[in-house]
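Take a look at the structure below.
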Amino acid sequence: MEQLLLLLIFLPLVGALVTTFSGTAAKHVALFSSIVSLALTIAVVCNFTPDASTQFVVNYPWIQDLGISFHAGIDGISIITVILTNVLIPLIILTGYKHEYKNGNALFALILFMQSGLLIVFTALDAFLFYIGWEAALIPIYFICAVWGGKDRIKVNMKFFVYTIAGSLFMLVGIIYLYLQNPAHNFDIQAFYNLNLDGAQQGWVFWAFFIAFAIKMPVFPFHTWQPSTYTEAPAVGTMLLSGIMLKMGIYGVIRWLLPIAPAGLQQWGYIVIILSVIGIIYASLIAFTQKDAKRLVAYSSIAHVGLISAGIFALNTQGMQGAMIQMLSHGINVVGLFFVLDIISSRLKTNRISELGGIAKQAPILAITALIIVLGTVALPGTNGFIGEFLLLMGVYQYNIWIAAFAGLTIIFGAVYMLRMYQNVMLGKTNDLTIGFADIAGTEKVVLYTICALIIALGVYPKPILQLSEASVQHLIEQVTQKLTSVN
Amino acid sequence: MIIDLVWLVPLIPLIGFVINGLGRNTFSKSLIGFIGSSVIFISFAISVGIFLALGSDVNKSHEVFLFDWISAGALHIPLSFLVDPLSAIMLLIVTGVGFLIHIYSIGYMHSDEGFGKFFSYLNLFIFFMLLLVLGSNYIVMFIGWEGVGLCSYLLIGFWYTNSNYASAAKKAFVMNRIGDLGFLLGVFFIFTTFGSVEFSKIFPQAAAMLPGDGTIALIALLLFIGACGKSAQLPLFTWLPDAMAGPTPVSALIHAATMVTAGIYMIARSNLIFDLAPVIQHVIAIVGLATAIVAAIIALTQTDIKKVLAYSTVSQLGYMFLGLGVGAYNGAFFHVITHAFFKALLFLCAGSVIHALHHEQDMRHMGGLRKKLPVTFITMLIGTIAIAGLPPFSGFFSKDEILAHVYVHDKVLWGIAVFGAFLTAFYMFRMLFLTFYGKYRGTHHSEEKIHESPASMTFPLIVLAILSAIGGIIGIPEVLGGSHWLSDWLEPVIKHTGESPDHATEYILMAVSVAGVIVSIGFAYFKYIKQSHVPVPDETKRPLLANLSYNKFYFDEIYDALIRKPLDVLSGFFYKIFDNKVIDGIVNGFGLGTTEASKGLRLLQSGNVGFYIFMMVVGIISLLLYTYLSL
């Protein structure tokens, strides 16, 4: 069983190497590798017992002098993010199929590299390993955005890179601090959990980690790198960033921040929740009048992530479970949205909303699939988005009724900006630009059909996913509350 | 037992949706029409079976469990259905009226290129409406609740290339969502108060509680806000008149007979909760009455035949809420049923007129159609009498039941409500006279082409006309020698039904309302037949009140100025100033030093990507090697 996790983590790396040297067949090799990863993931899910334990554990001493080990495993929380990563990567690779990339082999190899980094982040049980994965995932996406992005990519990307690195440095300081506090002098997660830090210490650790995670997600007001980066990145880059990478921040909060610094949560959690809810309303309002569809979706993502973040910090089963399934749903839906916009911009060379319109008449299948994705995004019951938003709002509600009422505005505002965009892009009269718009075909169909099927399947029968994480989530909440009572 | 097969009732329309959805471009129109209608007919047949089985069963409440849908911690939401007298009768209305409207649509939509799409959407609507009706908890009800909203969105914007129609669709969805937030928050309160969202767990607890609890009042208020969105009450009613952009069968089915009554259904279902919140009941009565009057006043001057009916629907829904507010749950639900018959009929008749006149909806260009469209005329006359409330047509009984309860509750409310009923009679007969009497006011060329609608359209008209005429039979009050079958039938769900006045008073109330209605019809007759008055063109200046009425009290303009525009301005401010200048300015200030210092990094960007990948691999491999060497 241990081999399964090692295989899961390192297979994409091998795939990346082969992809680098396979010339024009690169995309096929990359796709093949990602599908094997997906198959491995299915094997992992099938062999996973849905209890609170950590399974498939690997633990090798690595840099012994510093107490660093290659320690990884999968519990009910990790498994959701592992599924997310390995389901989305093949889809994202497929979305790149119709593009003619310069040095395409490098691009596809970088995607697979990133996959490895992400999987390390999502399975690491050693803080150093986690940090390695954290940065290893950043480097490929940096290159993807910097090399294949839009015309402003260099400037925008520099900001993204510097901002995230700055955030990670805070986390690194936090990790080193914990390491020094740890009498065993290692980076083991369990040792970190067991540390007896007083309230003030936990407060500092809380902020050190939170800033890194908040920038990654991003949470208001740490979000200003995000809209430009999403807009300037190539479509695959935007999908990787929004679909998977931002979940590193969310996962980090759940895996590291809450159990290590619950007292910090107790002192500062309300500020985070308020910031998150401000972010929901603020980003939704900004999305109202965006002229560029990609930027609109970028802002909508800030709003959605705000709700996830609020749900987590509310620290109850509904909120946390909502966050788990919403991570998955948001990933699926946002990849779908960005792909629809990519299809439009690669045909028409624009994502400016005012220039579009009437595409539904020309491309009914694209319009239908896009509508399903929009409905998932606005959380219509029966779609995946509803399960997550319902549980998240219920979680926030149990924390504070008024905050929930404000957070709930997302279901109104989301409908406003999403349907505005849908109407102006898809409905109305066909214009000179959109006339002759070819409907989706081939790999485009495969991707969008898969996404729509997932949206409905998760919305109608979410139980298998909720069950995977429930025990671990409850365990985590107990662990945090217990530690809180012992600190007090 | 057939009740255990209740899941088939929504499932079969869903299958119809899938089949017609997939075959929309390949199947012939007759096949699509056949599939679309027959799935609803099968559901109707099963519903009849369920209704009969429930009638002969001593157990009046059956839960049919399908599967666990959402569960997280203490929260368990099963997908399960509740068959009881209330839902059983709603099943009959939804599938029965739904079936007739499907048949009608075969004729009405026959030349539309979106024929297949239309039928698949209609089937999907019926599916969601049945979920709404059948859900055994608030969340399954909410799936249907929002699902019908989606279908409404799709069907209002059916002719989406017209951007006004697409905007109307969006407006309907968004306004409903405002109500839906209320609904959701209400459900959260219910969960924390009762520990469940299941009706069967909540209502027994509520039945044992005493009125006056603040949380219960809040729950009632929030659920009512939800109902206001879906059932188009003040202040959330402005979407419904715009929803007339959809094809007329849609207006009949969704925006008159079924979906818009969901709010009343939900409150009637939750009657035990509302009984605990007298203050909120009072609010409901006032909002309902205000809506009834405002909409009736607007309807007085409208010139678009569908707009008249739309405002009349809003107004009638207001009466139903008035009934709910005074505790007359039976009366309100009775009015839901009769209204489903006569308002579906009226819309379909209007559709028949519009069809005959090639999409003319302005009554100023109609007139004298009585002879040309005899079936449409007779059936529409029946519908008009029914809504005006003349005995023995159905609307009389249901409206009078509500009014009688209102009288006991508060005589001032009754006075206003009865005045509204006179307005109803006036504007409905105004519509009838303008359409069917006098001289035809369209072009001579178009007059020759006017013809009665095909049998597929007139058949549903005739059936609905019969129902509108005799539908009141299910609720004839004792005072008129009936036994009020509906009250007995609903007794397991609705125990407390408010107080009725004594018999003598009830006779007087009836006499007053009937006399007033006849006088109103007389006014309409005098003005629109004797004087042959025709509403003035749009650009003519109107007196103040008429102007307010004609312009719908400027609700849309006010909402635009007070809500939409300020939000858009705020959006621009947040984006251009706050986000780009303030927050990002601070970030850039922080970042400047770092960026300067890290200029060296920039050089890397011009390099060869392959080289970096290679370096990364080297790095990773050397770390791995280090691991093995140090083992």
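These protein sequences, in sequence, are chains B and V.
Reading the first sequence from the start, the letters are residues 182 to 669 in our numbering.
Reading the second sequence from the start, the letters are residues 736 to 1366 in our numbering.
Yeah, the Cβ is synthetic: ideal placement off N, Cα and C, and Gly gets one too.
- A straight line joining the alpha-carbon of L1080/V with that of S986/V spans about 11 Å.
- Assigned with DSSP and collapsed to three states, F800/V falls in strand.
- Considering only D1319/V, S1284/V, V1304/V, the residue with the shortest C-alpha distance to I1032/V is S1284/V.
- Shown here, E933/V sits in a strand according to DSSP, grouped into three states.
- In the DSSP assignment, S490/B falls within the alpha helix (DSSP H) that extends over 474-494.
- Closer than 7 Å at the C-beta level to chain V, one finds these residues of the segment 464-480 of chain B: L466, I467, F469, T470.
- At least 9 Å separates the CB of Y873/V from every CB of chain B.
- Taken through DSSP and simplified to helix, strand or coil, N760/V comes out as coil.
- Shown here for I396/B: same chain residues with a beta carbon closer than 8 Å to its own, the five before and five after excluded, namely Y344, T345, A347, G348, F403, W406, G430 in chain order.
- H811/V carries a strand assignment under DSSP once its states are collapsed to helix, strand and coil.
- Interface annotation for the segment 1143-1158 of chain V against chain B: empty, criterion Cβ-Cβ distance under 8 Å.
- Rounded to the nearest angstrom, the gap between the Cα atoms of K283/B and A207/B is 12 Å.
- Look at N872/V here: in three-state DSSP terms it is strand.
- Think of a sphere of 7 Å around the beta carbon of G460/B: no beta carbon from chain V falls inside it, the nearest being about 11 Å out.
- In the DSSP assignment, A955/V forms no beta bridge with any residue.
- Contacts with chain V at 9 Å (Cβ-Cβ) include T498/B.
- The C-alpha of A1030/V is placed about 22 Å away from the C-alpha of V1247/V.
- Contact note: K610/B reaches chain V through T896, N897, S898, using a C-beta cutoff of 9 Å and chain order.
- Contact annotation for R436/B against chain V: no contact, minimum CB-CB distance about 19 Å [criterion: below 9 Å].
- Within the same chain, and ignoring the five residues on either side of S423/B in sequence, the residues whose Cβ sits closer than 7 Å to its Cβ are Y411, S482, V515, F519.
- Taking the CA atoms as reference points, A619/B sits about 9 Å from L547/B.
- Excluding sequence positions up to five before and after Y1142/V, its CB lies within less than 8 Å of the CB of W1149, P1236, T1240, L1244, all in the same chain and listed in chain order.
- In the displayed model, G254/B falls within a strand according to three-state DSSP.
- L817/V is bridged by DSSP to E798/V.
- Any Cβ of chain V closer than 9 Å to the Cβ of F571/B would place that residue at the interface, and such an atom is present.
- At a Cβ-Cβ threshold of 9 Å, P1126/V and V1254/V do not count as neighbours.
- Just so you know, the alpha carbons of K472/B and F394/B end up roughly 29 Å apart.
- About 5 Å separates the Cβ atoms of Y873/V and V922/V, confirming a contact at the 8 Å cut-off.
- Within the same chain, Cβ atoms closer than 8 Å to the Cβ of Y312/B are found at S349, M352, L353, I356, the five residues on either side in sequence being excluded.
- About 6 Å separates the Cβ atoms of F368/B and G248/B, confirming a contact at the 8 Å cut-off.
- Between the segment 582-596 of chain B and the segment 531-540 of chain B, the count of C-beta pairs closer than 8 Å stays below three; the two stretches do not touch.
- Pairing K530/B with T611/B gives a Cβ-Cβ distance that is not under 9 Å.
- Neighbours of E881/V in chain B, taken as residues at a C-beta separation under 7 Å, are given in chain order as L561, P562.
- DSSP places P242/B inside the beta strand (DSSP E), whose first and last residues are 236-244.
- Chain-ordered listing is empty here: chain B has no CB closer than 7 Å to the CB of F959/V, the nearest sitting near 16 Å.
- Going by DSSP, G1118/V is part of the alpha helix (DSSP H) stretching over 1109-1123.
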